[in-house]
Amino acid sequence: MHESNINTGNSNTSRIKFISKIYILSVVMEPLYYFILVPQHISGIGANFARILQFIVVASLFLKLFSAKRARILSSFSLLNKNFTYYFILAVLAGFLGLYSGSYSFNIDFSTHVVNNSIIADFIRGHSFRPFLEYFIVLYYFVYFVVLASYMLTTKEAIDYFFKLFVIALLACLFVGFLDLLLQLLLNYEGFPRQ
Numbered sequence: 002m003h004e005s006n007i008n009t010g011n012s013n014t015s016r017i018k019f020i021s022k023i024y025i026l027s028v029v030m031e032p033l034y035y036f037i038l039v040p041q042h043i044s045g046i047g048a049n050f051a052r053i054l055q056f057i058v059v060a061s062l063f064l065k066l067f068s069a070k071r072a073r074i075l076s077s078f079s080l081l082n083k084n085f086t087y088y089f090i091l092a093v094l095a096g097f098l099g100l101y102s103g104s105y106s107f108n109i110d111f112s113t114h115v116v117n118n119s120i121i122a123d124f125i126r127g128h129s130f131r132p133f134l135e136y137f138i139v140l141y142y143f144v145y146f147v148v149l150a151s152y153m154l155t156t157k158e159a160i161d162y163f164f165k166l167f168v169i170a171l172l173a174c175l176f177v178g179f180l181d182l183l184l185q186l187l188l189n190y191e192g193f194p195r196q
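Under our numbering, the first residue of the sequence shown carries the number 2, and numbering increases by one thereafter.
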């Protein structure tokens with residue numbers, strides 16, 4: 002009898018490291034911006050479930066890195082990271098060119114304080130700080146979603162667990178989206194707000 006390669010759901014997720022499970026959950030939940038826990042006008046950076054899980058993963062990895070006697074530094078010019086390194090260098094050079102040509106406005110005017118915004122939110126979202134924050138965000142996204150994936154998804158069980166959660170999240174989003182559309186058409190209500 003021919004044995005099939007289809008995963009029947011009997012994979013053992015207990016062998017997956019806890020930090021890998023949190024990482025997988027944070028990656029799967031990243032597109033779900035509807036569940037905002039801290040709005041942007043308070044901290045300047047919105048916080049949702051995925052960002053909190055990402056913070057837990059990054060903090061635990063830093064603790065692990067600083068508690069280890071030997072740290073391994075990633076090569077920026079390895080075959081996997083070479084193209085992104087070139088992109089990041091070009092982005093920084095383009096930023097300096099924009100700075101030199103006067104494309105960025107560094108006029109800090111606290112009289113234009115947006116109502117309900119904290120001073121921290123105004124600073125982070127302001128014209129003087131935001132261009133620099135964008136470079137950090139691009140670098141963070143690459144490291145978190147590309148580099149860390151090669152360290153967190155090292156076993157077949159972890160990859161199966163990722164795709165299992167991804168399919169569940171995808172089907173749940175499709176179901177809620179179509180239910181929302183159906184209710185909008187039938188009951189003429191505004192529906193879920195889009196972000």
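Don't be surprised by glycine CBs; every beta carbon is placed ideally from N, CA and C. The structure presented is a predicted model; accordingly, all values stated were derived computationally and were not measured.
Three-state secondary structure (DSSP) of residue i
i: isoleucine 49; result: One point to set straight first is that residue 49 is asparagine, not isoleucine, in the sequence displayed. Strand, per DSSP.
i: isoleucine 90; result: helix
i: isoleucine 37; result: strand
i: glycine 99; result: helix
i: glutamate 158; result: helix
i: leucine 134; result: helix
i: asparagine 189; result: coil
Cβ neighbour criterion (16 or more within 10 Å) applied to residue i
i: leucine 66; result: exposed
i: asparagine 8; result: With a pLDDT of 47 at asparagine 8, under the threshold of 50, the modelled position of that residue is not reliable, and the figure given next carries that caveat. Per the 10 Å Cβ criterion, exposed.
i: isoleucine 25; result: buried
i: valine 28; result: buried
i: tyrosine 162; result: buried
i: isoleucine 90; result: exposed
i: serine 68; result: exposed
i: leucine 100; result: exposed
i: serine 21; result: buried
i: leucine 180; result: exposed
Close beta carbons around residue i, own chain, < 7 Å, minus the five adjacent residues each side
i: leucine 188; result: none
i: leucine 166; result: Ile25, Leu26, Val29
i: phenylalanine 146; result: Val28
Any non-hydrogen atom of the ligand MN closer than 7 Å to residue i Cβ
i: valine 144; result: This structure lacks the ligand MN; in fact it carries no ligand of any kind.
Span separating the alpha-carbon of residue i from that of residue j
i: cysteine 174; j: leucine 184; result: 15 Å
i: valine 58; j: alanine 150; result: 12 Å
i: alanine 60; j: arginine 131; result: 24 Å
i: alanine 159; j: isoleucine 169; result: 15 Å
i: phenylalanine 97; j: leucine 172; result: 44 Å
i: leucine 62; j: leucine 186; result: 47 Å
i: tyrosine 190; j: phenylalanine 176; result: 18 Å
i: threonine 156; j: glutamate 31; result: 22 Å
i: phenylalanine 133; j: alanine 51; result: 23 Å
i: serine 79; j: leucine 64; result: 25 Å
i: lysine 18; j: leucine 54; result: 15 Å
6 Å CB neighbourhood of residue i in its chain, flanking five on each side removed
i: valine 93; result: none
Exercise for the section: Determine, using beta-carbon pairs with one atom in the stretch 79-98 and one in the stretch 132-152, whether at least three such pairs fall under 8 Å. Expected result: With the cut-off at 8 Å, the stretch 79-98 and the stretch 132-152 touch.
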